[in-house]
Every structure is written in C-alpha cells, then in structure tokens.
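**Q** The structure's right below; bear with me while I get my questions together.
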Amino acid sequence: MATTTSIESPKDRFLRFCPGGFSDPLYLKYERDYKWAAHEEWNELLNEDEFERLLDKDDWQEVIRRALRVEGKTKKLMSPYEKAALRDAVKEQAPARLFANVLFDLVYGDDSFEVRLREFTADLRRLPQRATSPVKWTLATIFPFVALPEEHIYLKPTVTQKAAKRRRFALKYKPLPNWDTYSHYLRFAQVLRDEVADLKPRDMIDIQSYIWVTEFWKRTP
810 MATTTSIESP KDRFLRFCPG GFSDPLYLKY ERDYKWAAHE EWNELLNEDE FERLLDKDDW
870 QEVIRRALRV EGKTKKLMSP YEKAALRDAV KEQAPARLFA NVLFDLVYGD DSFEVRLREF
930 TADLRRLPQR ATSPVKWTLA TIFPFVALPE EHIYLKPTVT QKAAKRRRFA LKYKPLPNWD
990 TYSHYLRFAQ VLRDEVADLK PRDMIDIQSY IWVTEFWKRT P
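Quick note: to get the working numbering, add 809 to the position in the sequence shown (first position is 1).
This is the structure we're talking about:
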C-alpha cells in the first residue's frame, strides 16, 4: 500500500511551537516581549524630539550610549561580533558624531527611505573598520525596526534568505545594505502577513519573529 508524506507548512510549524499564535505565552516570552521592550526604550530615550535635542547640544556620545542601550535590549538579534564592530567604530568623537547624525536621518529623515538607506550605508563605510566591518544588514535595519516596527523589519540574512527560498520569493539579496533588496524584503513581509492573516500579526515584530521561529527554532524552548 502506498504511503504519502506531508510537508509541514511554515504556518503549521509556527503553530506547533506556538499554539496560541502571536499571543502564545512562549512566543511572547522568547520573541515578542523583549523586542517590544526595545521599542519602548527607544521611544523613551531617542524619540524624535529627544534625539534632536541631543544633536542640538552636540551630545553625540549620549546618542551613542542610548542607542547601544536600546540595542542591548534586543538580546541576540545582532551577533557579539556585530555588536563589537559597532562599539569599536564609534569610540572616537568624529565617528560618534557621524553615526549619531546619520542614524537620526535614517530613522527620522524627510527623504525617501531609499535615499536614507543609501546614505546611511555610504556613511557606515566612513566609520573605522576594525576586525569586523559595521557595514551590515543587521546594523542598517536594527534601529529602524525597533523605532518604527509598524513600518520597518529587521533583516537577519541567513534565516531571511531561507524563508524567501522556501516560498520561491525573489529577495534580490546582496550582502551590502541596498534599497533593491530591502524593498523586496518589505514585499516579502507582506506575503508573510497574508500567509498568517488569520493569526492577526500586529506589526513587523510579529513578522520578523514568525520568520525566526519557523526557520530557526528546532524545538520548543
């Protein structure tokens, strides 16, 4: 007698780990809550008015200190090497000034995000390059993600590419941050929103976490 095997869909895999969907206690504990805490910390420490006040005072080091504090809330979204690359790159006054200003423009600037991302990436290349370069997708997307999670999504390259490949979605991925890849990623995020529409994802935190759970979790924590 012939037997058939079924391939578990990403959504079914997500619900196997998190039966309560985006309100599941395990999901909240291991995925959403700490990312939302980082968002709240950003809103307190580096909302647009406060960020602008610090820049007006030329207090770039305080901007860096607060940004690193917020990033610390995101736990393992960035690797230890990526965290170290950022800290090393902004130790001195001139790089700190550059990064503080381009970070404000990236998150709150008036230009299109295409322009802001391109300029941010170009300015990252001007920062000191030590053991690990700071010019990475993780750094280009972590702060827009925690600042404005209803608009922006964090790009972790390996799991994101796996998720896109699983759905035969053309991500147009390139290693250096660029608008073509990111704009396709935003479209992919909408594909995922549609995929789990009945689970009512709240924002890009839920979409990014959905990618992570379905591609990275091997067992229930």
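Every residue, glycine too, gets a C-beta built ideally from N, C-alpha and C.
Can you confirm whether the segment 924-943 touches the segment 896-906 when touching is taken to mean that 3 or more C-beta pairs between the two stretches lie within less than 8 Å?
**A** Three or more Cβ pairs drawn from the segment 896-906 and the segment 924-943 lie within less than 8 Å of each other, which places the two stretches in contact.
**Q** Given that a residue counts as buried once 16 or more other Cβ atoms are within 10 Å of its Cβ, and exposed if not, what is residue 875?
**A** buried
**Q** Give the straight-line distance between the Cα atoms of residue 926 and residue 816, rounded to the nearest whole angstrom.
**A** 38 Å
**Q** Give the straight-line distance between the Cα atoms of residue 891 and residue 861, rounded to the nearest whole angstrom.
**A** 26 Å
**Q** Using a Cβ-Cβ cutoff of less than 6 Å, which residues in the same chain neighbour residue 990 once the five nearest sequence positions on both sides are dropped?
**A** 981, 982, 983
**Q** In chain order, what residues of the same chain lie with their CB nearer than 7 Å to the CB of residue 978, ignoring the 5 residues before and after it?
**A** 997, 1000
**Q** Can you give me the start and stop residues for the alpha helix (DSSP H) that residue 951 sits inside?
**A** 946-956
**Q** For a test of the three-state rule: what should DSSP assign to residue 894, helix, strand or coil?
**A** helix
**Q** For residue 920, count neighbouring C-beta atoms within 10 Å of its own C-beta (all shown protein chains included) and say buried if the count is 16 or more, exposed if not.
**A** exposed
**Q** Relative to the C-alpha of residue 1032, which residue among 1005, 1017, 1013, 852 is closest?
**A** Nothing can be reported for residue 1032: it is not among the residues displayed for the chain, which extend from 810 to 1030.
**Q** Smallest Cα separation from residue 880: which of 950, 821, 906, 904?
**A** 950
**Q** Residue range of the alpha helix (DSSP H) that residue 999 falls in?
**A** 988-1004
**Q** Could you tell me the alpha carbon to alpha carbon distance between residue 906 and residue 822, rounded to whole angstroms?
**A** Roughly 45 Å separates the two Cα atoms.
**Q** If I measure Cβ to Cβ from residue 904 and keep anything under 7 Å in the same chain, skipping five residues before and after, which residues do I get?
**A** 898, 936, 937
**Q** When you measure from the CB of residue 866 to every non-hydrogen atom of the ligand PLP, does any distance come out below 7 Å?
**A** Only the bare structure without any ligand can be found here, which leaves the ligand PLP out of the picture.
**Q** Spell out a yes or no on whether the segment 826-843 and the segment 861-871 are touching, meaning 3 or more CB-CB pairs, one atom from each, closer than 8 Å.
**A** In short, these stretches do not touch, since the Cβ pair count stays below three.
**Q** Should residue 1028 go down as buried or exposed, given a rule of 16 or more other Cβ atoms within 10 Å for buried?
**A** Per the 10 Å Cβ criterion, exposed.
**Q** Kindly list the residues whose CB is nearer than 7 Å to the CB of residue 909, restricted to its own chain and excluding five residues on each side of it in sequence; keep chain order.
**A** 864, 869, 872, 873
**Q** Beta carbon of residue 851, beta carbon of residue 1014: below 8 Å?
**A** no
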